[in-house]
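Those protein sequence lines, which keep their order, are chains X and Y.
Letter by letter, the first sequence follows residues 74 to 381 of my numbering.
Letter by letter, the second sequence follows residues 3 to 316 of my numbering.
Yeah, the Cβ is synthetic: ideal placement off N, Cα and C, and Gly gets one too.
Predicted model only: the values in this text are computed from it and were never measured.
Report on one structure; see the data block that follows.
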Amino acid sequence: MELGPYLILASLEGAVTAAVLALTAVGLSLVFGVMRVVNIAHGEFFMLGAVIAWFIAHSLGGHPAVGFAVALVAAPLIVGAIAVAADMTILKRVDYDPERTIVATIGLLYIIQQLALMTYGPDARPVEAPFNTRIALPWFERGEGGWQMIWPWGLGTTTYKLAVIGAAVAVLLGVWLLMKRTRIGLVMRATQADRDMALAFGIPVERVYAMVFGMGAALAALAAVLIVPIQQAHYLMGADPLLLSFIVVIIGGLGSLPGTVLAAVLIGLSDGIISVFFSPTLAKILATLLVGLVLVFRPEGLAGKRGA
Amino acid sequence: MSTGAKVMALHGGVLVLLFVLQFILPAYHHGNLARIMVLASYAVGYNILFGYTGLLSLGHALFFAAGMYGMGLGIQHLDLSVAPALLAGVLAGAVVSTALALLALRTSGVAFMIVTLMFAQAGYLTVLYFGEFTRGDEGFVIQQAQRVLWGIDLSDPTNRYFAALILFALSLLASLWLVRRPFGKTLVAIRENEERVRMLGYDTYKHKLMAMVISGTISAAAGAAYGLLFGYAGASFASVQYSIFPLLWVLLGGAGTVLGPFVGTLFMFYLIDLSSGITTAYMLIAGVVLVLLTLFAPQGLIGELRNRLWRWLP
């Protein structure tokens, strides 16, 4: 295969990664933006989403679409509820102190991971996609007699992957509308801007925090349900999304939703494309160094405001 | 007793107790304690930056690994003997921590955490990338014959215990000396209110830089000693987990206390050790204890002790 089709394939795979990453990272960014705490257990909420999706799909049986549809609704709700409970029993009681929250969420990470291992087991298991038709993509090549259309082997995608991208875009738009156009969003933004002032104006800050924490976890779980037909559910699958979401949130500017989405697309796409040219380890070294240097020399991120 | 005498008596007493335990402990706990003392030295180094200066680094594994690989690669590929290899490890740590400090101290708060995390991750991946020399995840064993310092075989349990005790005593006393001097007091002042310290005319950047280099160098010494005493260097020591461990130990024991890092390391080590005997789900127990401690003893064990009983603890 020539370079061109390679790049298209890499960008398509990259777009799926970017879509899922954007959802996960927006969850983390919401929590960081509104509550000013770093949730180390975010990756475990992602993993819980995938594992719960498997449990639901497995116990319902029938057509794969039924189980998947139920999981798509139920898994984020369940994970969100768990997160709200964790917020009310733990985070609220450490007063959302940034450092203590980090330690508490590291503890939470161990607890969730171990419970998943004890109930779900160490195996990786797939959830069947509701629909999965292959689409081959054409490529244009200059042959004798001008341009002609060819169908290179291996160049293609599936309807499901396209649906993942579409669903992610829809959900992200929904989150954006929620933040900008609704009363709940207004209350959340007020809390983000000035917690004490919001409290003085009668906003139930603690309820807002619980809701934001639940929403952040639910977004991670939703991302996981979307990806689980492509990757498999495994109890250690939370580590990579956590690190990548961190990178995305930082590059995008802490607490900035459009910046986060932009960075997710950038990282998702470049991850696919860079690894075509370099060894994956070298690509990761370059990516992490880049993130570090961006933070040192442009700490507000790509889309953040100076002094924020 | 004056405060100074009390402090000396307590810390000296701990060191004497550790010395005496050498002759009493059964072999298993004897080995554990040697390991704990080396890891506690790492935590002592971490505490200088985190506990006293208030800079939360998530990348100390980079310094630990710099020491370990500076020493290990020196022995393995340059045929250094033990003393120069140890020196190479400590120097590697000093150089790496200076370089990272120059970059990372341009940021603060969460950005500082992530910058240190990213560079440490890059360091970990670099160890994997040069797998030809470092043998990556698998690591390499440092043979017994290569672990003899001035005729003393460091793989022997008794010698190993004393070597660990010397390292721990040095780092503990260095940390104690440091925090009782004006330099240490300035670090604490920076932790409490950096703006005000700068307004008083102190060069806070220089202080933070020095704190980070001292912290990184002690961590590297612990890393070099760990590789040497236990005869193994592997990439897992450079991973994120080994950056989070000293944070946990220090928080458990009490950030900003001299004895805290040791108490935290001891507590965590035996917590995991004992609970893995009862159930395979020891991580669950570790997680629950972490959550409970943040809820009920946020200052750490020694920190709570200082708040409730001994207000003079450094």
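Per-residue DSSP class, three states only, for Thr230(X): strand
Going along the chain, which residues of its own chain have a beta-carbon closer than 8 Å to the beta-carbon of Ile113(X), five neighbours each way excluded? Ile175, Thr178, Ile179, Leu181, Leu182 and Leu315
For Ile208(X), which option in Leu362(X), Leu82(X), Phe370(X) and Arg371(X) has the closest C-alpha, if you only look at C-alpha atoms? For the residues Leu362(X), Leu82(X), Phe370(X) and Arg371(X), the minimum Cα distance to Ile208(X) belongs to Leu82(X).
Check whether the Cβ of Phe319(X) lies closer than 8 Å to any Cβ atom in chain Y. Interface residue, yes.
Please state the DSSP three-state secondary structure of Asp81(Y). coil
Quick check on Arg173(X) - is its C-beta less than 8 Å from some C-beta in chain Y? With its beta carbon less than 8 Å from one in chain Y, Arg173(X) belongs to the interface.
For a cutoff of 8 Å on Cβ pairs, would you count Ala381(X) as touching chain Y? Unreliable positioning characterises Ala381(X) in this predicted model, as indicated by a pLDDT of 37, which lies under 50. A coordinate reading is not provided.
Strand pairing of Ala306(X), partner residues [DSSP]: Arg198(X)
Measuring straight from C-alpha to C-alpha, what distance separates Leu169(Y) and Val40(Y)? 7 Å
For Val143(Y): DSSP bridge partner residues: Tyr234(Y)
Of the choices Ala356(X), Asp313(X), Leu309(X) and Ile320(X), whose alpha-carbon is the least far from that of Pro195(X)? Leu309(X)
Go ahead and pull the three-state DSSP assignment for Ala114(X). coil
Residues of the stretch 105-126 of chain X with a CB closer than 7 Å to any CB of chain Y: list them in chain order, please. Across the stretch 105-126 of chain X, CB contacts with chain Y closer than 7 Å involve Val111, in sequence order along the chain.
Any Cβ of chain Y within less than 8 Å of the Cβ of Tyr308(X)? no
Segment contact flag, the stretch 282-296 of chain X with the stretch 76-84 of chain Y, C-beta cutoff 8 Å, min 3 pairs: The answer is no - the stretch 76-84 of chain Y does not touch the stretch 282-296 of chain X, with fewer than three Cβ pairs under 8 Å.
Is Tyr272(Y) helix, strand or coil when you go by DSSP? helix
Nearest neighbour of Ala29(Y), chosen from Ala288(Y), Leu19(Y), Tyr163(Y) and Trp179(Y) [CA to CA]: Tyr163(Y)
List the whole-angstrom C-beta distance separating Thr118(Y) from Tyr71(Y), where the pair is believed to meet the contact cut-off of C-beta under 8 Å. Going by Cβ atoms, the distance from Thr118(Y) to Tyr71(Y) rounds to 18 Å, so no, they are not a contact pair.
Chain X contact residues for Ile192(Y), given Cβ-Cβ distances below 7 Å: By Cβ distance, chain X contributes nothing, its closest Cβ being about 16 Å from Ile192(Y), past 7 Å.
Going by Cα to Cα distance, which pick from Gly33(Y), Ala103(Y), Met120(Y) and Ser43(Y) is closest to Phe232(Y)? Gly33(Y)
Nearest chain X C-beta to Gly289(Y) closer than 8 Å, yes or no? yes
Contact list for Ala177(X) against chain Y, beta-carbon separation under 8 Å: Leu292, Val293, Thr296 and Leu297
Return no unless some Cβ of chain Y is closer than 8 Å to the Cβ of Tyr183(X). Yes, its Cβ sits closer than 8 Å to a Cβ of chain Y.
Over the uninterrupted alpha helix (DSSP H) stretch that includes Leu19(Y), give me the two end residues. Segment Thr5 to Ile26, the alpha helix (DSSP H) holding Leu19(Y).
Quick one: is Tyr228(Y) buried, meaning 16 or more other Cβ sit within 10 Å of its Cβ, or exposed? buried
Beta carbon of Leu130(Y) nearer than 8 Å to that of Thr354(X): Cβ distance < 8 Å, so Leu130(Y) and Thr354(X) count as in contact.
Partner residues on chain Y for Gln186(X), Cβ-Cβ distance less than 9 Å: Met285, Leu286 and Gly289
Tell me whether Asp160(X) is buried or exposed, calling it buried when 16 or more other Cβ atoms sit within 10 Å of its Cβ. buried
I'd like to know whether the C-beta of Leu355(X) is nearer than 8 Å to at least one C-beta of chain Y. yes
Gln243(Y) classed as buried or exposed, judged by whether at least 16 other C-beta atoms fall within 10 angstroms: exposed
Mind the definition here: the stretch 78-98 of chain Y touches the stretch 16-28 of chain Y only if three or more C-beta pairs lie below 8 Å; say whether that holds. no
Let's test the definition: count the other Cβ atoms within 10 Å of the Cβ of Gln1(Y) and tell me whether it reaches 16, buried, or not, exposed. Nothing about residue 1(Y) can be reported from this structure: the residues present for chain Y run from 3 to 316 only.
Within 8 Å, do at least three Cβ pairs link the stretch 88-105 of chain Y to the stretch 213-220 of chain Y? yes
Chain-ordered chain Y contacts of Arg280(X) [CB-CB under 7 Å]: Residues of chain Y passing the Cβ test: none, with the nearest at roughly 21 Å.
For the alpha helix (DSSP H) holding Met39(Y), just list the boundary residues, first then last. Ala29 to Asn49
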